[in-house]
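Everything below concerns the one structure shown next.
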Amino acid sequence: MQTYRNIEYIVIDGASTDGTLEVIKNYEHIIDYYVSEPDQGVYNAMNKGLSLAAGDYICILNSDDWLIDDAIKYSVRELLASNADYSGADEYCVDEQGNLVFLYGLRHFDEVALVMGNPCNHGTMLISSNAYEKIGYYDETYKIAADLKMQLALITDNRMKHCIINKPIHYYELAGLSDIHKDMMLKEVAQVLREYHPSINKTELCSLVSLVFDWQFNEQIISDIENILRKPYYTQKQKYYLLNRLVECGYTIKDQEFKHLVGKTFSYHHLGTRFYTFIKKIIYYVCYKFDR
17 MQTYRNIEYI VIDGASTDGT LEVIKNYEHI IDYYVSEPDQ GVYNAMNKGL SLAAGDYICI
77 LNSDDWLIDD AIKYSVRELL ASNADYSGAD EYCVDEQGNL VFLYGLRHFD EVALVMGNPC
137 NHGTMLISSN AYEKIGYYDE TYKIAADLKM QLALITDNRM KHCIINKPIH YYELAGLSDI
197 HKDMMLKEVA QVLREYHPSI NKTELCSLVS LVFDWQFNEQ IISDIENILR KPYYTQKQKY
257 YLLNRLVECG YTIKDQEFKH LVGKTFSYHH LGTRFYTFIK KIIYYVCYKF DR
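Here our numbering = 1-based position in the sequence shown + 16.
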């Protein structure tokens, strides 16, 4: 139970047949609104909840993830102190038994997110209703990557101000991922990133996604990322991140034009987490879809 009390609880259930509705009814004395009806997927359910929410800031939490008791208190306090439109935080990634696997640190709420993926798990974020009014709701044409699209829209909109909660506030349960759904994820990520990378061709975009989201590493990827590093469109921070990702995968810097990027002091997390920020929502979507 959250220590911050001024919270509106809304539960959106897609007509589950696993006993979810009975659980909801056991807690209906503290739930402000709930609905259990068929929907068109995860993002349709999220948008349904957003249309019902009356709060100034909104947190979207998946059914098998959870927040620490002070999560909302810490987030609201920092949001108000910073006059920010959205917040993000670190999280605990756990297995299905609740055992800690690793700590996922919030990374960049800046242009580096455009070449490194999700800056944080969507579940750690509070986003203002005002931001949703300006940015729009989740794009329901996506099955997996609409929250990445939302995060990048917030980060690249100069009207939006962020703040950071410097502690883990969210528990995220990891799960397995089939090759079929990984391919779906990578395809959708490429769709999202296409808008933000006008200077690269399709092959270079594919290599960027493969390196950053799937930790793939081969001669074609090396060649394409080197081409990206030569483009003036990208900032020093973006190039530094990409070069260091290559190095983490075994790349040796031979070209003198790249060596000036080594030793920069930009701050980011060296997380060998592969695409774990996406794994859970893919599994959630699959279970959600087929539990109908």
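Cβ atoms here follow ideal geometry from the backbone N, Cα and C, with glycine treated the same way. Everything numeric in this text was worked out from a predicted model, so none of it was measured.
Listed as beta-bridge partners of Tyr73 by DSSP are Ser144. Rounded to whole angstroms, the separation of the alpha carbons of Ala169 and Ala100 is 15 Å. Remark: fewer than three beta-carbon pairs, one from each stretch, lie closer than 8 Å, so the stretch 258–273 and the stretch 133–145 are not flagged as touching. By the neighbour-count definition (other C-beta atoms within 10 Å, threshold 16), Ala70 is an exposed residue. Counted as a single uninterrupted DSSP element, the stretch harbouring Asn182 is not any alpha helix (DSSP H) but the beta strand (DSSP E) occupying residues 178–189. DSSP lists Cys109 as the beta-bridge partner residues of Phe118. Judged by DSSP in its simplified three-state form, Val208 adopts helix. Three or more Cβ pairs closer than 8 Å define a contact, and the stretch 92–108 meets that threshold against the stretch 177–184. Secondary structure note for Tyr256: its alpha helix (DSSP H) is the uninterrupted segment 252–264. When DSSP assignments are scanned along the stretch 35–81, the uninterrupted stretches of beta strand (DSSP E) that are 3 or more residues long and fall wholly within it turn out to be 49–52.
Short of 7 Å from the beta carbon of Thr19, and not among the five residues preceding or following it, lie these beta carbons of its own chain, in chain order: Asp85, Asp86, Lys89. Judged by beta-carbon spacing, Asp230 lies beyond the 9 Å limit of Ile171, meaning their Cβ atoms are not closer than that value. For Ile23, the CB contacts under 7 Å within the same chain, skipping 5 residues up- and downstream, are Ile88 in chain order.
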